[in-house]
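> Questions regarding the structure given below will be posed in turn.
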Amino acid sequence: MWKLFHQLASPPHFYRLAAVISPWLAVPGIALIAYGVYAGLFLAPMDYQQGDAFRIIYVHVPSAYLSMMAYMIMAISGGIGLIWRIKLSHAVAAAAAPLGAAFTFLALVTGSIWGRPMWGTWWEWGDPRLTSELILLFLYFGYMALRGAIDDTAKADKASAVLALVGVVNVVIVHFSVEWWSSLHQGQTLMKKGGPAMDPAMLYPLLAMILGFTFLFGSLLLRRVRTEVLFRERRTKWVREMILSPEGS
Amino acid sequence: MENLAMGNYGVYVWSCFGLTLAVVLFSDWRARLRQRRVYRDIEVRIKALEER
Chain A
67 MWKLFHQLAS PPHFYRLAAV ISPWLAVPGI ALIAYGVYAG LFLAPMDYQQ GDAFRIIYVH
127 VPSAYLSMMA YMIMAISGGI GLIWRIKLSH AVAAAAAPLG AAFTFLALVT GSIWGRPMWG
187 TWWEWGDPRL TSELILLFLY FGYMALRGAI DDTAKADKAS AVLALVGVVN VVIVHFSVEW
247 WSSLHQGQTL MKKGGPAMDP AMLYPLLAMI LGFTFLFGSL LLRRVRTEVL FRERRTKWVR
307 EMILSPEGS
Chain C
1178 MENLAMGNYG VYVWSCFGLT LAVVLFSDWR ARLRQRRVYR DIEVRIKALE ER
């Protein structure tokens, strides 16, 4: 098991494996999203309180979920890199940050657009879910800025991993904010005690979108990690041999 | 047409879906662009070293 783990964490092995897996994640991801978009926009019934505006849920919830998941991947990979000094895990953390920032931006903007017709405002500073999600975006920016500011990759890896681990507290706050404090934002929909509080006709497209976004995120992440690995390993023998081989990458 | 209007919420719903598509496509394009650049830079450096 440990041997397999080390083999997977070997940069040349991972580089080749990721090239094979990435398209296999993208294809089901796109198919699930296509179904989710069609069913969410045209088949799911209208919400009796929110009307058709509720359909924003099909892009807002997957984005918000990925904003937190990407951060956890970044923090856990950074932590693994700090403890076990696995180079690949720092590459994963570095590659997850821009994607996490993109999905956090999407969660914030789609949430704001949804809030305008429902709450009568684009933004509410007193709302814990909104402000903690904004802090999450700043954490991503801070993480990327810190990496960019340190030339030495090993030092940048360590410093950014510590920042990512500290920021996990904010992810917990984002997740539980709607339960801990009174909030304009609605409570948990899917992870509610007693099961999701949605009609199956609304729920299935949402689950398809969440799964589809996750597959697509996985595919994008693998592609970014490959680039990060290639850059970090640019002076190694295996990269030289791969570049000079007739098949290339 | 009525479907597209989304009961007067069309501008909110479609802008969210459009923005999501744009961000996902942009992320994909950025990833491909960086991959190509990094690969090309390494290729140029290695081939220059080989020619010496």
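Chain order of the listed sequences is A and C. In case it helps, this note's numbering puts the first sequence at residues 67 to 315. In case it helps, this note's numbering puts the second sequence at residues 1178 to 1229. Ideal Cβ positions, reconstructed from N, Cα and C, are used throughout, including at glycine. Since the structure is predicted, the reported quantities are computational estimates derived from the model, not experimental observations.
(1) Quick one: what's got a C-beta closer than 6 Å to A:H156's C-beta in the same chain, skipping five residues either side?
(2) For A:D193, write down the residues that DSSP places opposite it in a beta bridge.
(3) Would you call the region 168-184 of chain A in contact with the region 261-268 of chain A, where contact means no fewer than 3 C-beta pairs closer than 8 Å?
(4) Please check if any C-beta of chain A sits within less than 8 Å of the C-beta of C:A1225.
(5) If you follow the alpha helix (DSSP H) that A:P89 is part of, which residue opens it and which one closes it?
(6) Helix, strand or coil for C:D1205 per DSSP?
(7) A:A262 lies in the alpha helix (DSSP H); which residues open and close that run?
(8) Going by beta-carbon coordinates alone, are A:L165 and A:L287 separated by less than 8 Å?
(9) On a Cα-Cα basis, can you pick out the residue from A:A110, A:L250, A:E245 and A:S133 that is closest to A:I201?
(10) Considering just the uninterrupted stretch of the alpha helix (DSSP H) at A:W304, what are its terminal residues?
(11) Does DSSP put A:G117 in a helix, in a strand, or in coil?
(12) Could you give the DSSP three-state label for A:P111: helix, strand or coil?
(13) Measure the alpha-carbon distance for A:V295 versus C:N1180 and round it to whole angstroms.
(14) Could you give the distance in angstroms between the alpha-carbon of A:L83 and the alpha-carbon of A:V125?
(15) Could you tell me whether the region 225-232 of chain A touches the region 205-216 of chain A, where touching means 3 or more Cβ pairs closer than 8 Å?
(16) Applying a beta-carbon distance threshold of less than 7 Å, which residues of chain A neighbour C:R1229?
(17) Give me the Cα-Cα distance between A:M210 and A:Y114, rounded to the nearest whole angstrom.
(18) Alpha helix (DSSP H) containing A:N236: first to last residue?
(19) Does the distance from the C-beta atom of A:G95 to that of A:L282 stay below 8 Å?
(20) Return the first residue and the last residue of the alpha helix (DSSP H) that A:G145 is part of.
With the structure as the only source:
(1) Only residues of its own chain outside the window of five on either side were considered, and among them G147 and D223 have a CB closer than 6 Å to the CB of A:H156, listed in chain order.
(2) Note: A:D193 sits in no beta bridge, so no partner.
(3) no
(4) no
(5) P77 to Y104 is the extent of the alpha helix (DSSP H) around A:P89.
(6) It is helical.
(7) With the sequence shown as reference, residue 262 of chain A is identified as Pro, and Ala is not the correct amino acid for it. That residue, A:P262, is in no alpha helix (DSSP H); it is neither H nor E in DSSP.
(8) Contact: yes.
(9) A:S133
(10) A:W304 -> alpha helix (DSSP H) spans K303 to L310.
(11) strand
(12) coil
(13) 46 Å
(14) 30 Å
(15) With the cut-off at 8 Å, the region 225-232 of chain A and the region 205-216 of chain A touch.
(16) For C:R1229, no chain A residue has a Cβ inside 7 Å of its Cβ, as the nearest lies near 14 Å away.
(17) So the alpha carbons of these two residues sit roughly 42 Å apart.
(18) V234 to W246
(19) yes
(20) Its alpha helix (DSSP H) spans residues I123 to W150.
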